[in-house]
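Residue numbers (our numbering), protein chains in the order written: chain W, 75 to 186; chain Z, 75 to 186.
What follows is the structure in structure tokens.
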């Protein structure tokens, strides 16, 4: 069992152009360190949803967060958000670089 | 339902002298933004364990991470760690200020 997940030793997965993901996990919990270097983006990404619950920490940069039909919220480094199971959500990057720490339960098997 | 957890709007709980915690959560997932301003500490905190699984991101500062009988690991801002259910662990702060983003499943009822 590897407890420590040093940044330099984690495998980086290219999600799409300008988006990279590194993960650490336990049995039912997955942390994804997601780096977006494609900002600022001119519009939000398409909404998506998943049955996994999600809590997130904005480590770097600024975004608009969109959740369901709620008014968008301006979040910046140091802020957080929480997405219950099945709720549509998305972000728009407001800065060149954005890093978000996303945690999910259960495991995002699609990230492995 | 409040999706956004802006830092300035979250309630800060004083855990002990020099340690503060802010949380956001969903049904089965809790994120704790823990600020330690008591460093550097001359020795590790006592080991503790919990049945909750934990994944963590070091947002600021540097620590030694101790897990079970493993050799301690030097982690710094940008690094991560993962603690399965029931495994004893602790940290020692190596810098004045340390911020760790701890995520747990299930909810840490003791943090509410």
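For glycine and all other residues, C-beta sits at the position ideal for the given N, C-alpha and C.
The structure presented is a predicted model; accordingly, all values stated were derived computationally and were not measured.
Among the options, nearest to residue i - alpha-carbon criterion
{"i": "residue 110 of chain Z", "options": "Z/172, Z/182 and Z/186", "result": "Z/172"}
{"i": "residue 148 of chain Z", "options": "Z/89, Z/159, Z/166 and Z/87", "result": "Z/166"}
{"i": "residue 170 of chain W", "options": "W/186, W/145 and W/112", "result": "W/112"}
{"i": "residue 159 of chain W", "options": "W/135, W/186 and W/128", "result": "W/128"}
{"i": "residue 137 of chain W", "options": "W/124, W/105 and W/117", "result": "W/117"}
{"i": "residue 102 of chain Z", "options": "W/76, W/94, W/126 and W/121", "result": "W/126"}
{"i": "residue 180 of chain Z", "options": "Z/106, Z/164 and Z/162", "result": "Z/106"}
{"i": "residue 124 of chain Z", "options": "Z/133, Z/108, Z/161 and Z/155", "result": "Z/161"}
{"i": "residue 84 of chain Z", "options": "Z/95, Z/90 and Z/154", "result": "Z/95"}
{"i": "residue 120 of chain W", "options": "W/131, W/108, W/139 and W/92", "result": "W/139"}
{"i": "residue 153 of chain Z", "options": "Z/143, Z/132 and Z/144", "result": "Z/132"}
{"i": "residue 115 of chain Z", "options": "Z/184, Z/183 and Z/92", "result": "Z/92"}
{"i": "residue 186 of chain W", "options": "W/82, W/81 and W/87", "result": "W/87"}
Below-8 Å beta-carbon distance, residue i vs any chain Z residue
{"i": "residue 119 of chain W", "result": "no"}
{"i": "residue 124 of chain W", "result": "no"}
{"i": "residue 105 of chain W", "result": "yes"}
{"i": "residue 175 of chain W", "result": "yes"}
{"i": "residue 99 of chain W", "result": "yes"}
{"i": "residue 155 of chain W", "result": "yes"}
{"i": "residue 79 of chain W", "result": "yes"}
Bridge partner(s) assigned by DSSP for residue i
{"i": "residue 175 of chain W", "result": "W/107 and W/131"}
{"i": "residue 29 of chain Z", "result": "The shown model of chain Z, from 75 to 186, leaves out residue 29 of chain Z, and the question about it has no answer."}
{"i": "residue 136 of chain W", "result": "W/150"}
{"i": "residue 78 of chain Z", "result": "W/155"}
{"i": "residue 90 of chain Z", "result": "Z/93"}
{"i": "residue 99 of chain Z", "result": "Z/104"}
CB contact check: residue i to chain W, cutoff 8 Å
{"i": "residue 160 of chain Z", "result": "no"}
{"i": "residue 147 of chain Z", "result": "yes"}
{"i": "residue 89 of chain Z", "result": "no"}
{"i": "residue 164 of chain Z", "result": "no"}
{"i": "residue 144 of chain Z", "result": "yes"}
{"i": "residue 138 of chain Z", "result": "no"}
{"i": "residue 115 of chain Z", "result": "no"}
{"i": "residue 169 of chain Z", "result": "no"}
{"i": "residue 109 of chain Z", "result": "no"}
{"i": "residue 172 of chain Z", "result": "no"}
{"i": "residue 86 of chain Z", "result": "no"}
{"i": "residue 135 of chain Z", "result": "no"}
{"i": "residue 183 of chain Z", "result": "no"}
{"i": "residue 94 of chain Z", "result": "no"}
Proximal residues to residue i (C-beta, below 6 Å), its chain only, five neighbours per side dropped
{"i": "residue 79 of chain W", "result": "98"}
{"i": "residue 163 of chain W", "result": "141 and 157"}
{"i": "residue 177 of chain Z", "result": "105 and 129"}
{"i": "residue 77 of chain W", "result": "none"}
{"i": "residue 146 of chain W", "result": "138 and 140"}
Own chain partners of residue i with C-beta closer than 7 Å, once the 5 adjacent residues on each side are dropped
{"i": "residue 134 of chain Z", "result": "151, 171, 172 and 173"}
Close Cβ partners of residue i (< 8 Å) along its chain, the five nearest in sequence each way excluded
{"i": "residue 122 of chain Z", "result": "162, 163 and 164"}
What are the complete beta strand (DSSP E) segments, minimum 3 residues, inside the stretch 139-184 of chain W? 147-150, 154-157, 163-167 and 172-179
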